[in-house]
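One structure is given below, encoded as structure tokens.
There are 4 protein chains.
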Amino acid sequence: MHFLTRFKRGELRLNRIEAFSDGVFAIVVTLLVLELKVPQLHDHASASELGEQLLELLPKFLSWLISFIIVCKFWLNHHHILGLAHHANYGMVWLNAIFLMFQSFVPFPTAMMGEYPSNPLAVSMFGVVMAFNTLLFIVLHAYILRNLIKPELADQQDPRIILKSFVGVVSYSIGVAAAWFSVHVAFLLYMLTPLFFIVPPPPRRVAGGGVSDAAETTRL
Amino acid sequence: MHFLTRFKRGELRLNRIEAFSDGVFAIVVTLLVLELKVPQLHDHASASELGEQLLELLPKFLSWLISFIIVCKFWLNHHHILGLAHHANYGMVWLNAIFLMFQSFVPFPTAMMGEYPSNPLAVSMFGVVMAFNTLLFIVLHAYILRNLIKPELADQQDPRIILKSFVGVVSYSIGVAAAWFSVHVAFLLYMLTPLFFIVPPPPRRVAGGGVSDAAETTRL
Amino acid sequence: MHFLTRFKRGELRLNRIEAFSDGVFAIVVTLLVLELKVPQLHDHASASELGEQLLELLPKFLSWLISFIIVCKFWLNHHHILGLAHHANYGMVWLNAIFLMFQSFVPFPTAMMGEYPSNPLAVSMFGVVMAFNTLLFIVLHAYILRNLIKPELADQQDPRIILKSFVGVVSYSIGVAAAWFSVHVAFLLYMLTPLFFIVPPPPRRVAGGGVSDAAETTRL
Amino acid sequence: MHFLTRFKRGELRLNRIEAFSDGVFAIVVTLLVLELKVPQLHDHASASELGEQLLELLPKFLSWLISFIIVCKFWLNHHHILGLAHHANYGMVWLNAIFLMFQSFVPFPTAMMGEYPSNPLAVSMFGVVMAFNTLLFIVLHAYILRNLIKPELADQQDPRIILKSFVGVVSYSIGVAAAWFSVHVAFLLYMLTPLFFIVPPPPRRVAGGGVSDAAETTRL
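As given, the protein sequences belong to chains A, B, C and D, one line each in that order. So for the first sequence, the working numbering puts the first residue at 1; every next one is plus one. So for the second sequence, the working numbering puts the first residue at 1; every next one is plus one. So for the third sequence, the working numbering puts the first residue at 1; every next one is plus one. So for the fourth sequence, the working numbering puts the first residue at 1; every next one is plus one.
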């Protein structure tokens, strides 16, 4: 059998894929906090020394917060696009696995940006990873739309949704470039980008009818 | 579309939200133990040296125990309030995500209090984080009561339940202040506070009838 | 309302309790491996140096293996006793939480025994924790049998099952004592103890009939 | 009762076994990234120093990537073979637990190969662990085929599937040997081996009929 065609096979239930994905998402967001190490103090009882040390951790707290929001946004949109699929085939399982691989990678650039917030390469790498994750998400989304969409939902999909999703890729990429001029601008862009698609796109109003209230709230 | 109104959209099934939340809760409570490091011994075979070192770990054991109980209590009450909701919308998903973000933060102040139990700032910060978590929980609870409650459960809710929930915020806050006078009093308050709402509140007895036994034990 | 009676309330579905418990079990067994640190080599390319260092890790591998088997056994028996319950009340939730708390504690004594296999206190503590975990499991089991058992399964339970379960407590306790004379005997006892109840007990043959094949294989 | 026969007992639902397994798989793949430590810099703001240090991490990135793909492949095939089983008995639960034990071990040889990519023992050990994991998977697969297969799927199974699965064991073993001559060849073999059975085998075409399209896509 030809190597690529075998990925079209398989009709897997979505619930174990969701369980595996939810596990990875949940562990990623929770591991992020492990990078926040308790500072070493000379005087264990000194509140002022601890206070100063905690202030120096601020970039780490900020990196943690940004990554948490971004991963949660991916989780919510992942939830949305899996809800579009009628079933899973092996191709989708592997695209999902590769997407999750780079989700699970997120703690590394997060820690690096938190450790070296003034280093343009460190701040820049964070954006590269996020842009790449967005790209992998788009590939998974497009694959589902093309191959696995539930017939009853096919009409409601915005035909330009994939194009619109590149807003995130572009925005992170601007952050990647900006980091070499001002890390503060890059941080700001990384905080603002998740606001695009902070919730999944609404169903498209079909010409001549519009989407009914029921369709608007169709259970995923 | 106005930025805030889009959060009212969506009718998500609760089970994936529960799975994600349960994953975060389970990882948080299990990660707590990673802060308990095996002590370094000069004489590897010396029971007395190990014994002394373990005694010095007592504040860490105590911090671990307190946090474990607190997070389990949050899990149980989270289970309860999600059981009140008819479905989830995007607003609830994000309030839940922010709540989980600060649940996943718990290992940091726990480690800090365990490392520096005599430092008033370290002990105080623990209470600040717990008070803030309680506050986020109250916001999620209030949002569900106002927007998403199952019609059949609406009458059984105690109208003052949100007000009562502030007992926890106040109690942790007293601990925060007490830490600057006596860390022992603060530890004690942190241990006692979870006893409020150690189980979710019972359904309210409706005037003129009272709640039936069946309602008392309605499956969540 | 009296403090203790409120624990009798609640009729929770078992699936979220199982999900939370499974999460904790899965994380505990997987975290165990984090104690196996890659050894530091002077000559990075030297196979013989790495080989010697790996041999010194043998006690850690052994501790990891013992703990993995023990936690899996707890998981299987936990699965069994939750299958006996008709529903969960708050008392069961909290007994379960305390049991899970000490399951999540297992990586600490495992690491300690792996680090100091010749230290009688370290080896002894491992047994103390396992005996205590067995005790907490027995309490949970007894609570379910007394308060929450499915009516159709009540007759099949061996009335002396709780008594028999103390075999584990006694066996670990002998290991605890043995550690002070010979750590090897203690290790051996810790390896053998999980063989009791390596599978949950069979349903009791009811007098005058015997259990049918169907009952023998009743789905949990 | 004879020690071994008791493992034939039990008729457990598969969903909690899946949940436990999915938890372990998800944690294993996510923990892999913890071995990627942020490098220590002398000049925190130096992009060139960070760049050089990241290049030195390349073997670790590669090890992480290889292990991620391998574990995902195990997850997918595990999903497949559990879908063949009608139910689980205690024998299957324990074979599954032992398989998961060595899945959870994967981060250790991954970290070792990433740390010492030029050390033949380190690279060799990675293959040993993967060959052993494949062997444990084959045992579980064979056990299900012999004891627990759903009657309607029994005819569709390729009778030589177990034999074919040894391709993986052989391929990893060649890598184990190759590591002593060239670590690069070993790395290459470890990357190529997961391509066998990158998706589960298709159902066998039954003589005189062939498998229908419906059977080809039978929901697992």
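Glycine included, every Cβ here is placed at the ideal spot set by N, Cα and C.
* Secondary structure of D/Ile149, DSSP reduced to three states -> In the fourth sequence, residue 149 of chain D corresponds to position 149, counting from 1. In the structure shown, D/Ile149 sits in a strand (DSSP, three-state: E or B).
* Asked: On the three-state DSSP scale, how would you describe B/Ala88?
  -> Your numbering for residue 88 of chain B matches position 88 in the second sequence. Here B/Ala88 sits in strand by DSSP.
* To do: Let me know if B/Gly51 comes out buried or exposed under the rule of 16 or more other beta-carbons within 10 Å of its beta-carbon.
  => Locating residue 51 of chain B in the second sequence gives position 51, counting from the first residue. Burial call: exposed.
* Compute the beta-carbon to beta-carbon distance between A/Val176 and A/Ser118, rounded to the nearest angstrom, for a pair I have assumed lies under 8 Å. => Start at 1 with the first residue of the first sequence, and residue 176 of chain A comes out as number 176. Start at 1 with the first residue of the first sequence, and residue 118 of chain A comes out as number 118. At roughly 16 Å, the Cβ-Cβ gap does not stay under 8 Å, so A/Val176 and A/Ser118 are not in contact.
* State yes or no: is the C-beta of C/Trp94 within less than 8 Å of the C-beta of C/Phe20? => As a position in the third sequence, residue 94 of chain C is number 94, starting the count at 1. As a position in the third sequence, residue 20 of chain C is number 20, starting the count at 1. In this structure, C/Phe20 does not lie closer than 8 Å to C/Trp94 by Cβ.
* Asked: Between C/Ser46 and chain D, is there a C-beta pair that is closer than 8 Å?
  -> Start at 1 with the first residue of the third sequence, and residue 46 of chain C comes out as number 46. Yes, contact with chain D.
* Asked: If you drop the 5 nearest sequence neighbours on each side, which residues of the same chain put their C-beta closer than 7 Å to that of B/Val128?
  -> For the purposes of this step, residue 128 of chain B is taken as residue 128 along the second sequence, with counting starting at 1. So the list reads Val176, once near-sequence residues are dropped.
* Asked: What in chain A is Cβ-close to D/Asp22, meaning under 7 Å?
  -> Residue numbering aside, residue 22 of chain D sits at position 22 when the fourth sequence is read from its first letter. The answer, in chain order, is Arg16, Ala19, Phe20, Gly23.
* Under three-state DSSP, which class holds B/Gly210? -> Taking the second sequence and counting its residues from 1, the one referred to as residue 210 of chain B is at position 210. In this predicted model, B/Gly210 has a pLDDT of only 42, less than 50, meaning its place in the structure is not dependable; the value taken from the coordinates is given anyway. The answer is coil: DSSP assigns B/Gly210 none of H, G, I, E or B.
* Hey, is the region 129 to 136 of chain D in contact with the region 75 to 93 of chain D, meaning 3+ C-beta pairs nearer than 8 Å? -> no
* Under 8 Å between the Cβ atoms of C/Pro107 and B/Val33? -> Numbered from its first residue, the third sequence carries residue 107 of chain C at position 107. Numbered from its first residue, the second sequence carries residue 33 of chain B at position 33. The answer is yes: Cβ separation under 8 Å.
* Asked: Cα-Cα, which of A/Gln156, A/Leu188, A/Leu195 is closest to A/Ser165?
  -> On the first sequence, residue 165 of chain A is found 165 positions in, with the first residue counted as 1. Of the listed residues, the one whose Cα sits closest to A/Ser165 is A/Leu195.
* Quick one: list the residues of chain A neighbouring D/Ala26, beta-carbon separation under 7 Å, in chain order. => Start at 1 with the first residue of the fourth sequence, and residue 26 of chain D comes out as number 26. Here the neighbours are Phe20, Gly23, Val24, Ile27.
* To do: Please check if any C-beta of chain A sits within less than 8 Å of the C-beta of B/Leu4.
  => The count along the second sequence starts at 1 and reaches residue 4 of chain B at position 4. False, the Cβ-Cβ gap to chain A never drops below 8 Å.
* Asked: Quick one: does C/Pro107 have its CB under 8 Å from some CB of chain D?
  -> The residue given as residue 107 of chain C occupies position 107 in the third sequence. No, because no Cβ of chain D sits closer than 8 Å to the Cβ of C/Pro107.
* To do: Below 7 Å between beta carbons is the criterion; list the residues of the region 75 to 106 of chain B that meet it against any residue of chain C, in chain order.
  => Trp75, Leu76, His79
* At least one CB of chain C closer than 8 Å to the CB of D/Leu57: is that the case? -> Taking the fourth sequence and counting its residues from 1, the one referred to as residue 57 of chain D is at position 57. With 8 Å as the cut-off, D/Leu57 does not count as an interface residue toward chain C.
* Asked: What is the DSSP secondary structure of B/Leu14, reduced to helix, strand or coil?
  -> Translated into the one-based positions of the second sequence, residue 14 of chain B becomes position 14. It is helical.
* To do: Return yes when the Cβ of B/Val139 is within less than 8 Å of the Cβ of B/Val71, no when it is not.
  => Here residue 71 of chain B is taken as the residue at index 71 of the second sequence, counted from 1. Here residue 139 of chain B is taken as the residue at index 139 of the second sequence, counted from 1. No, these two residues do not count as a Cβ contact at 8 Å.
* Asked: Could you check where the alpha helix (DSSP H) with D/Glu49 kicks off and where it finishes?
  -> Position 49 of the fourth sequence, counted from the first residue, corresponds to residue 49 of chain D. First-last of the alpha helix (DSSP H) with D/Glu49: 47 to 56.
* Pull up the CB-CB distance for D/Gly10 and D/Tyr90, whole angstroms please, since I reckon it's below 8 Å. => Working through the fourth sequence from its first residue, we reach residue 10 of chain D at position 10. Working through the fourth sequence from its first residue, we reach residue 90 of chain D at position 90. Contact flag correct, Cβ pair sits at about 4 Å.
* At a Cβ threshold of 8 Å, is C/Leu192 touching chain D? -> Reading the third sequence from its first residue, position 192 is the one you call residue 192 of chain C. By this cut-off, C/Leu192 is not an interface position.
* Asked: Of the residues D/Trp64, D/Met113, D/Leu153, D/Asn15, which one's Cα is nearest the Cα of A/Met101?
  -> Taking the first residue of the first sequence as position 1, residue 101 of chain A is located at position 101. The shortest Cα separation from A/Met101 among D/Trp64, D/Met113, D/Leu153, D/Asn15 belongs to D/Trp64.
* Asked: With a CB to CB cut of under 7 Å and the five nearest residues on each side skipped, what residues in its chain are close to C/Pro271?
  -> Absent from the model: residue 271 of chain C. The displayed extent of chain C is 1 to 220, so no value can be given.
* To do: Take every Cβ of the region 40 to 47 of chain B, pair it with every Cβ of the region 40 to 51 of chain A, and state whether three or more of those distances are shorter than 8 Å.
  => no
* **Collapsed DSSP secondary structure at B/Arg6 in the structure displayed** => The residue labelled residue 6 of chain B in the question sits at position 6 within the second sequence. Looking at B/Arg6 - three-state DSSP - the assignment turns out to be helix.
* In whole angstroms, what separates the C-alpha of B/Leu84 from that of A/Phe126? -> Against the second sequence, residue 84 of chain B aligns to sequence position 84. Against the first sequence, residue 126 of chain A aligns to sequence position 126. When rounded, the distance between both Cα atoms is 39 Å.
* To do: With 7 Å as the limit, tell me which residues of the region 112 to 141 of chain A have their beta carbon closer than that to any beta carbon of chain D; keep them in chain order.
  => Met112, Glu115, Tyr116, Ser118, Asn119, Pro120, Leu121, Ala122
* Relative to the alpha-carbon of C/His184, which residue among C/Leu153, C/Ala122, C/Asp158, C/Ile17 has its alpha-carbon at the smallest distance? -> For the purposes of this step, residue 184 of chain C is identified with residue 184 of the third sequence, where counting begins at 1. Answer by Cα proximity: C/Ala122.
* Would you say A/Thr30 faces chain B, with C-beta separation under 8 Å as the test? -> Here residue 30 of chain A refers to the residue found at position 30 of the first sequence. Answer yes: the Cβ-Cβ gap between A/Thr30 and chain B drops below 8 Å somewhere.
* Asked: What are the start and end residues of the alpha helix (DSSP H) that includes B/Val199?
  -> Indexing the second sequence from 1 puts residue 199 of chain B at position 199. Per DSSP, B/Val199 belongs to no alpha helix (DSSP H) and is neither H nor E.
* Can you grab the Cα-Cα spacing for the pair C/Pro151 / B/Pro151, in whole Å? => On the third sequence, residue 151 of chain C is found 151 positions in, with the first residue counted as 1. On the second sequence, residue 151 of chain B is found 151 positions in, with the first residue counted as 1. For C/Pro151 and B/Pro151, the distance between alpha carbons rounds to 32 Å.
* Consider the Cβ of A/Tyr172: report whether some Cβ of chain B lies at a distance smaller than 8 Å. => Sequence index remark: in the first sequence, residue 172 of chain A carries index 172 (1-based). No, A/Tyr172 lies away from the interface with chain B (no Cβ there is under 8 Å from its Cβ).
* Are A/Leu12 and A/Ala88 close, meaning C-beta to C-beta below 8 Å? -> Start at 1 with the first residue of the first sequence, and residue 12 of chain A comes out as number 12. Start at 1 with the first residue of the first sequence, and residue 88 of chain A comes out as number 88. Cβ atoms of A/Leu12 and A/Ala88: closer than 8 Å.
* **Element boundaries [alpha helix (DSSP H), containing B/Ser171]** => Position 171 of the second sequence holds residue 171 of chain B. Counting along the chain, the alpha helix (DSSP H) containing B/Ser171 begins and ends at 161 to 178.
* To do: Quick one: grab the DSSP three-state call for A/Asp22.
  => Locating residue 22 of chain A in the first sequence gives position 22, where the first residue counts as 1. Here A/Asp22 sits in helix by DSSP.
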